[in-house]
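Visitor: Could you have a look at this structure, given as structure tokens, before my questions?
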């Protein structure tokens, strides 16, 4: 049996706004939106990996707050876990440094205005269950590698 590899994603919030990141690579994912994050490296906890990925991809210092209930399958052997996070005081504003070409802070009313990757849709719904506008279905696209 192949050991599963955990990919972590941040539901990075600022008040009631959620940060969405538009992929610039690989070509089959370019233009689609996701929660920022990446693979957990050997010896890292998911929280450590998420902090590292947010620093590398967005140039921010963030506090990982709590795990979003659920786990979503990606291309085997990968699985997606999402975590709520917030910027630490004094952190720079997020910038698209790696793998992304645009960032947007989305209000609950705007959350489905972007074309999310399929596996991020349930994570977004779960992270903000009950928030105005988030319980509705959204547009989505093919999965993340």
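Numbering (our numbering), first residue to last: 10 to 154. A virtual CB, placed ideally from N, CA and C, is assigned to each residue, including glycine.
Counting pairs of Cβ atoms below 8 Å between the stretch 14–22 and the stretch 92–112, do you hit three or more?
Guide: In short, these stretches touch, since the Cβ pair count reaches three.
Visitor: Answer with buried or exposed for residue 52, where buried requires no fewer than 16 other C-beta atoms within 10 angstroms of its C-beta.
Guide: Position 43 of the chain shown holds residue 52. Burial call: exposed.
Visitor: So within the stretch 27–51, which uninterrupted beta strand (DSSP E) runs reach at least 3 residues, ignoring any that extend past its ends?
Guide: List check, beta strand (DSSP E) in window: 46–48.
Visitor: Is the beta carbon of residue 69 closer than 8 Å to that of residue 58?
Guide: In the chain shown, counting from the first residue as 1, residue 58 sits at position 49. In the chain shown, counting from the first residue as 1, residue 69 sits at position 60. Not a contact, by the Cβ cut-off of 8 Å.
Visitor: Less than 8 Å between the C-beta atoms of residue 186 and residue 30, yes or no?
Guide: With the chain running from 10 to 154 in the structure shown, residue 186 is simply not present.
Visitor: Taking residue 21 as part of the beta strand (DSSP E), name the residues at either end of that continuous run.
Guide: Working through the chain shown from its first residue, we reach residue 21 at position 12. Element bounds for residue 21: 14–23.
Visitor: Quick one: what's got a C-beta closer than 7 Å to residue 97's C-beta in the same chain, skipping five residues either side?
Guide: Walking along the chain shown from the start, residue 97 turns up at place 88. For residue 97, where only same-chain residues beyond five positions count, the Cβ hits under 7 Å are 70, 71, 72.
Visitor: For residue 14, count neighbouring C-beta atoms within 10 Å of its own C-beta (all shown protein chains included) and say buried if the count is 16 or more, exposed if not.
Guide: Mapped onto the chain shown, residue 14 falls at position 5. The residue is exposed, with fewer than 16 neighbouring Cβ atoms inside 10 Å.
Visitor: Taking DSSP as the reference, what is the three-state secondary structure of residue 71?
Guide: Within the chain shown, the letter at position 62 stands for residue 71. In this structure, residue 71 counts as strand in the three-state DSSP scheme.
Visitor: For residue 6, which of 66, 89, 74, 17 has the nearest alpha-carbon?
Guide: Nothing in the structure corresponds to residue 6, since the chain is present only between 10 and 154.
Visitor: Below 6 Å CB to CB, which residues in the same chain sit around residue 129 once its five sequence neighbours on both sides are set aside?
Guide: Position 120 of the chain shown holds residue 129. Closer than 6 Å at the Cβ level, and outside the excluded window around residue 129, lie 43, 44.
Visitor: Got a sec? Which residues, its chain only, sit under 7 Å from residue 82 by beta carbon, not counting five neighbours each side?
Guide: Residue mapping note: residue 82 aligns to position 73 of the chain shown, counting from 1. Taken in chain order, the residues that qualify are 88.
Visitor: Quick one: Cα of residue 16 to Cα of residue 54, how far?
Guide: Here residue 16 refers to the residue found at position 7 of the chain shown. Here residue 54 refers to the residue found at position 45 of the chain shown. For residue 16 and residue 54, the distance between alpha carbons rounds to 11 Å.
Visitor: Buried or exposed: where does residue 106 fall if 16 or more other Cβ atoms within 10 Å of its Cβ makes it buried?
Guide: As a working mapping, residue 106 is identified with position 97 in the chain shown. It is exposed - the Cβ of residue 106 has fewer than 16 other Cβ atoms within 10 Å.
Visitor: Which of helix, strand or coil does DSSP assign to residue 119?
Guide: Your numbering for residue 119 matches position 110 in the chain shown. Of the three classes helix, strand and coil, the one that applies to residue 119 here is helix, per DSSP.
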